[in-house]
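So in our numbering, the last one in the sequence shown is 562, and the numbering has no gaps at all. C-beta atoms are modelled at their ideal positions from N, C-alpha and C, and glycine is treated no differently.
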Amino acid sequence: MITDVLTAVALYLAIQDYNKVVFKKQKLLIELDKYAPDVAELIRTPMEMHYIPLKVALFYLLNPYTVMSCVAKSTCAINNTVIAFFFLATIKGSAFLSAVFLALATYQSLYPITLFAPALLYLLQRQFIPIKPKSKSFWLYTMQYAALYLCSLVVIICLSFFLLNSWDFIPSVYGFILSVPDLTPNIGLFWYFFAEMFEHFSLFFVCVFQINVFFYTIPLAVKLKEHPVFFMFVQLAIISIFKSYPTVGDVALYMAFLPVWSHLYRFLRNIFILSCVLIVCSLLFPVLWHLWIYAGSANSNFYYAITLTFNIGQVSRARHTRLHFEDCTGSGVLSATVNSAGCVWPIQSSIAASCLSCSS
Numbered sequence: 203m204i205t206d207v208l209t210a211v212a213l214y215l216a217i218q219d220y221n222k223v224v225f226k227k228q229k230l231l232i233e234l235d236k237y238a239p240d241v242a243e244l245i246r247t248p249m250e251m252h253y254i255p256l257k258v259a260l261f262y263l264l265n266p267y268t269v270m271s272c273v274a275k276s277t278c279a280i281n282n283t284v285i286a287f288f289f290l291a292t293i294k295g296s297a298f299l300s301a302v303f304l305a306l307a308t309y310q311s312l313y314p315i316t317l318f319a320p321a322l323l324y325l326l327q328r329q330f331i332p333i334k335p336k337s338k339s340f341w342l343y344t345m346q347y348a349a350l351y352l353c354s355l356v357v358i359i360c361l362s363f364f365l366l367n368s369w370d371f372i373p374s375v376y377g378f379i380l381s382v383p384d385l386t387p388n389i390g391l392f393w394y395f396f397a398e399m400f401e402h403f404s405l406f407f408v409c410v411f412q413i414n415v416f417f418y419t420i421p422l423a424v425k426l427k428e429h430p431v432f433f434m435f436v437q438l439a440i441i442s443i444f445k446s447y448p449t450v451g452d453v454a455l456y457m458a459f460l461p462v463w464s465h466l467y468r469f470l471r472n473i474f475i476l477s478c479v480l481i482v483c484s485l486l487f488p489v490l491w492h493l494w495i496y497a498g499s500a501n502s503n504f505y506y507a508i509t510l511t512f513n514i515g516q517v518s519r520a521r522h523t524r525l526h527f528e529d530c531t532g533s534g535v536l537s538a539t540v541n542s543a544g545c546v547w548p549i550q551s552s553i554a555a556s557c558l559s560c561s562s
């Protein structure tokens, strides 16, 4: 419970600071007359932005997935807290604390290493450093942040060694996460697939399944380099879907970010259907588990079918959110790109379509 409250507080403070930057950027673009004339309804008012941090905190605390994770006494809540403080440190512009908290999150569950890219992009923008591979300042800052992250991770791992006087924790923790030896049913995609697979194929498909979490980082970094906070949201969704042992607490964390882009909800197609899919699947999880394990009137196929449907719903929601975010922020709405610190970078763009066409 305490960790959940700390997570909510960290998210509140982070989004509060982020909204100040967004409002500053929006005000600058209005003064420069860089908005298309027919997108006025997408411009957020100070009153609207004032309540977004509170919505994010409540979205996390009152989420049924958060409550279930708390009741189950899942250690996922601790990981969520560390990630939330990493997000707060990144938004505040503290490269050192950001690297330390990212190292802690990676130390706990490995997959948060993929958040390195969006954090670096945000910090680069905050320092007014152009994201260009040919720039010396780009590589210098990247190496500094990477060094802070790696040093923090090495220190934490060495402390674990001194406490245990053994390196056995590395295969026990990270080897367990990567090799997926425990096929106990969960809300993930791994357990059923590998339970039905021949042993000599397992190594290949473990690599194929695990690469999903890491593979999308590079194309997303290229596509969303001007929007690192949204990139971080998408990456958290990918982790919660494709990690080897996901929990509902992972889902609750990325869902808490949805109010940040509430002004784009009107352009999301099938949002009602996707919401119903997730709700129905969440209700059917315990029902089919009981029928399978206790009543014996169902089998693993029923439970895994709901698991697949649930994850398809998550993928669809993340995909639609990303597509409409790109349509409404990068496809001709602005004639200039503004980084997270409020610096304007001119780009070639013709205001050929407004966000109002996103829904068509």
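Cβ separation of residue i and residue j, assumed to be a contact under 8 Å, to the nearest whole Å
i: residue 295; j: residue 328; result: 5 Å
i: residue 214; j: residue 256; result: 7 Å
i: residue 312; j: residue 379; result: 5 Å
i: residue 288; j: residue 259; result: The Cβ separation is near 17 Å, so there is no contact.
i: residue 325; j: residue 347; result: 6 Å
i: residue 209; j: residue 297; result: Contact doesn't hold; Cβ gap of about 22 Å is too wide.
Residue from the options with nearest C-alpha to residue i
i: residue 382; options: 245, 407 and 324; result: 407
i: residue 446; options: 470, 396 and 419; result: 396
i: residue 483; options: 516, 497, 468 and 256; result: 516
i: residue 261; options: 471, 453 and 512; result: 453
i: residue 429; options: 206, 220 and 203; result: 220
i: residue 147; options: 450, 468 and 387; result: The requested residue 147 does not occur in the structure, where the chain is confined to residues 203 to 562.
i: residue 509; options: 521, 486 and 373; result: 486
i: residue 471; options: 523, 226, 434 and 212; result: 523
i: residue 564; options: 227, 246 and 232; result: This structure cannot settle anything about residue 564, because the visible part of the chain is limited to 203 through 562.
i: residue 284; options: 270, 372 and 301; result: 301
i: residue 293; options: 280, 303 and 321; result: 321
i: residue 435; options: 314, 229, 263 and 297; result: 314
i: residue 211; options: 228, 229 and 263; result: 263
i: residue 281; options: 206, 410 and 437; result: 206
i: residue 448; options: 481, 384 and 223; result: 384
i: residue 511; options: 481, 499, 498 and 496; result: 481
Residues of its chain near residue i, where Cβ-Cβ distance is below 6 Å and the 5 sequence neighbours each way are ignored
i: residue 476; result: 515, 518 and 519
i: residue 319; result: 419 and 423
i: residue 267; result: 450, 453 and 454
i: residue 479; result: 515
i: residue 204; result: none
i: residue 414; result: 444
i: residue 270; result: 450
i: residue 290; result: 212, 215 and 216
i: residue 439; result: 456 and 520
i: residue 541; result: Confidence is the limiting factor: at residue 541 the pLDDT is only 42, short of 50, which leaves the residue's position unreliable and the question unanswerable from this model.
i: residue 425; result: none
i: residue 499; result: 493
Nonlocal neighbours in the same chain, by C-beta distance under 7 Å from residue i, ignoring five residues either side
i: residue 146; result: Residue 146 falls outside the range modelled here, since the chain spans only 203 to 562, and no answer is possible.
i: residue 363; result: 369
i: residue 217; result: 254, 255, 258 and 462
i: residue 305; result: 351, 354, 355 and 358
i: residue 505; result: 387, 490, 491 and 494
i: residue 513; result: 391 and 443
i: residue 299; result: 291
Close beta carbons around residue i, own chain, < 8 Å, minus the five adjacent residues each side
i: residue 331; result: 337, 339, 340 and 343
i: residue 265; result: 454, 457 and 458
i: residue 399; result: 407
i: residue 464; result: 254 and 257
i: residue 228; result: 245 and 246
i: residue 272; result: 203, 206 and 279
is_contact[residue i, chain C] using C-beta, thresh 7 Å
i: residue 389; result: The chain labelled as chain C is not found in the depicted structure, where only one protein chain is given.
I'd like to know if the stretch 391 to 406 and the stretch 458 to 467 are in contact, where contact means that at least 3 CB-CB pairs between them fall below 8 Å. no
Count the C-beta pairs between the stretch 271 to 279 and the stretch 249 to 263 that are closer than 8 Å, then say yes if the count reaches three, no if not. no
The stretch 436 to 453 touching the stretch 343 to 357, judged by at least three CB pairs closer than 8 Å: no
Can you find at least 3 beta carbon pairs, one from the stretch 481 to 496 and one from the stretch 348 to 367, that sit closer than 8 Å? no
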